[in-house]
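Enquirer:
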Amino acid sequence: MVKNKKAQLKIQQMAFMLIAVTLFFVLIGLFITGIVFSGLKKSSEVLEEENAMLLVSELSNSPEFSCGEAFRYGKTNCVDSDKIMILRNMNEYADFWDVAAIEIRKIYPAYERETECSEENYPDCNVMEIYSKSVKKGAYNSNFVSLCRKEKNAETGEIYDKCELAKLLVSYEQK
Amino acid sequence: MNKNKMNKNKKGQEEMVGFTVIIILVAVIILVFLGFALQNRGESKAIESYEIESFLQSVIQYTTEYNLQHIYMQELIKECDIYDEGCTELNNELENILEKSWNVEEGSKIRGYKLIIYTKDREIINIKKGNETQTFRGHSQQLTDNSIISMEIYS
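Here you go:
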C-alpha cells in the first residue's frame, strides 16, 4: 500500500515536471516565432514599397521624362511637363516601357476638379495620361515628382521656371 | 519510523512542485519583459522611406510666388534662414502642400506627420499634424551648408 502510494506520487511528480517543461518550451517557441515573423513581415513590406518606388523613380529620371539641365534645381525626381505633352501623342513609345499605364496627377496647387490635359487647355489641367494599354491593370504605384515647365510672365515678359508638385503613377499588367 | 520517512518524502515532493511553479512563473515574467523590450527597440527607429525622400526633393523644387517673383522653395528656405524674411509665407506654403499630399483624416493609413527645417542653432520650421505614434517612416536631407529638412510619417 505504501509502495503504491509512493509510486503514484512519483508519477504525479513526473507528470507535473513534463507539463512544466512542455509549457516552458511552447512559450519559448511562440515567443521566437512571433519575433521572427513580425520582422519578416515588416521587411517584406518595406522591400515591396522600395521596389515600387524605385521603379517609378527610374521612370521619372529616364531621359524621356526628366528635366535634365533645363531647370535650375531640377536634378532628381523632376519631370519636364512639356516633354510629357509631346510624349503623349507618340505611338512609337507604346511598347517601350514594360508597364500597363503611366499617368501624372498634379497635387499642388490643387484644382477644384479633375481636368485631363489636352493641347487646348495645357497647362491649366491636372491629369496627364501618358500611356494606357488595353489590358487588365493592377494597382497603381506612385511617387512624388516635381512637374516643371518654362513659363512667360505676362507683365514683364520674363521667362521663369514653374515647378508644381505631382505624383507619377504606374500600373503593371495583372496576370 | 515508516510514518516519519513518508512525511519526509511528501515534504520533498511538495518542495519540488513549489520549485517548478516558481521556475515557470519566473520564466513567463522574463519572456514577457523580453518581448516588450524587443518590441519597443524595433519600433522606435524610423524606416527610411523612398516616398518621403521623393516628396522632400519635389517640395524643395516647387516654385512659389514671393515678392512678385517666382522662386524655388529652396531659395525661400534660404531667405528665411539667412535674412529671417519670408518665414510666414514658407510656413503657409508648406502647410498647404502637406495638407494636399498626406491625408491624415479618419480611416486613413497615416495617423500624422511632422516636418522640421533646422540649423545647428535654431529651428526654422516645425509643422505637425495628427498623432505621433511609435511606428513611423522618415527621411532627412541636407538643404544648404547648415540647414536640414526632416520629415516623419506616423502610421
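So the protein sequences, as listed, match chains Z and W. Numbering of the first sequence is given in our numbering, commencing with residue 1 and proceeding in unit increments. Numbering of the second sequence is given in our numbering, commencing with residue 1001 and proceeding in unit increments. Where a beta carbon is used, it is the ideal one built from N, C-alpha and C, also for glycine.
With respect to the beta strand (DSSP E) encompassing Q1057 of chain W, which residues constitute its N-terminal and C-terminal limits?
Expert: One-based indexing of the second sequence puts residue 1057 of chain W at position 57. Here Q1057 of chain W belongs to no beta strand (DSSP E); instead the alpha helix (DSSP H) covers Y1050 to Q1061.
Enquirer: Using the DSSP secondary-structure output, state which residues sit across from V170 of chain Z in a beta bridge.
Expert: Within the first sequence, numbered from 1, the residue matching residue 170 of chain Z stands at position 170. In DSSP, V170 of chain Z forms a bridge with Z:I102 and Z:N141.
Enquirer: Verify the CB distance criterion: does V1104 of chain W have a CB-CB separation below 8 Å to chain Z?
Expert: To locate residue 1104 of chain W, count along the second sequence from 1; it is residue 104. With 8 Å as the cut-off, V1104 of chain W does not count as an interface residue toward chain Z.
Enquirer: What whole-angstrom Cβ distance do K136 of chain Z and E103 of chain Z have, given they're in contact under 8 Å?
Expert: Counting from one through the first sequence, the residue named residue 136 of chain Z turns up at place 136. Counting from one through the first sequence, the residue named residue 103 of chain Z turns up at place 103. Contact doesn't hold; Cβ gap of about 17 Å is too wide.
Enquirer: In whole angstroms, what separates the C-alpha of I1110 of chain W from that of V127 of chain Z?
Expert: The sequence position of residue 1110 of chain W within the second sequence is 110, counting from 1. The sequence position of residue 127 of chain Z within the first sequence is 127, counting from 1. I1110 of chain W and V127 of chain Z: Cα-Cα distance of roughly 24 Å.
Enquirer: What does the Cβ neighbour count give for E120 of chain Z, buried or exposed, with the cut at 16 atoms within 10 Å?
Expert: Indexing the first sequence from 1 puts residue 120 of chain Z at position 120. Flag for E120 of chain Z reads exposed.
Enquirer: If we ignore side chains and look at the alpha-carbon of each, how far apart do N25 of chain Z and V1028 of chain W end up?
Expert: For this step, residue 25 of chain Z is matched to residue 25 along the first sequence. For this step, residue 1028 of chain W is matched to residue 28 along the second sequence. The question names Asn, but residue 25 of chain Z in the sequence shown is Phe. Roughly 11 Å between the two C-alpha positions.
Enquirer: List the whole-angstrom C-beta distance separating I1024 of chain W from A20 of chain Z, where the pair is believed to meet the contact cut-off of C-beta under 8 Å.
Expert: Mapped onto the second sequence, residue 1024 of chain W falls at position 24. Mapped onto the first sequence, residue 20 of chain Z falls at position 20. Their Cβ separation, rounded to whole angstroms, is 5 Å, which keeps I1024 of chain W and A20 of chain Z in contact under 8 Å.
Enquirer: In chain order, which continuous runs of the beta strand (DSSP E) of length 3 or greater are located wholly inside the region 1064-1132 of chain W?
Expert: With a minimum length of 3 residues, the continuous beta strand (DSSP E) runs that stay inside the region 1064-1132 of chain W are 1069-1072, 1112-1118 and 1123-1130.
Enquirer: Determine the closest residue to S1101 of chain W out of W:E1015, W:S1054, W:E1065 and W:G1035, with distance taken between C-alpha atoms.
Expert: Locating residue 1101 of chain W in the second sequence gives position 101, where the first residue counts as 1. Considering only alpha carbons, the answer is W:S1054.
Enquirer: Going by beta carbon distance, what residues of the same chain come within less than 6 Å of L169 of chain Z, once the five residues before and after it are set aside?
Expert: By 1-based counting over the first sequence, the position of residue 169 of chain Z is 169. For L169 of chain Z, where only same-chain residues beyond five positions count, the Cβ hits under 6 Å are E103, Y140 and S142.
Enquirer: Answer yes if the region 1080-1094 of chain W comes into contact with the region 1117-1130 of chain W, meaning at least three C-beta pairs across the two stretches below 8 Å, and no otherwise.
Expert: In short, these stretches touch, since the Cβ pair count reaches three.
Enquirer: Only counting the same chain, and skipping five residues up and downstream in sequence, which positions put a Cβ closer than 6 Å to that of R88 of chain Z?
Expert: As a first step, residue 88 of chain Z is located in the first sequence; it is residue number 88 there, counting from the start. Within the same chain, R88 of chain Z has close Cβ partners I130.
Enquirer: For S146 of chain Z, which residues in chain W fall below 7 Å Cβ to Cβ?
Expert: Translated into positions along the first sequence, residue 146 of chain Z becomes position 146. Near S146 of chain Z (Cβ distances below 7 Å), the residues of chain W are S1058, Q1061 and Y1062.
Enquirer: Based on the DSSP secondary-structure assignment, which residues constitute the bridge partners of C78 of chain Z?
Expert: Walking along the first sequence from the start, residue 78 of chain Z turns up at place 78. BP columns for C78 of chain Z point to Z:S146.
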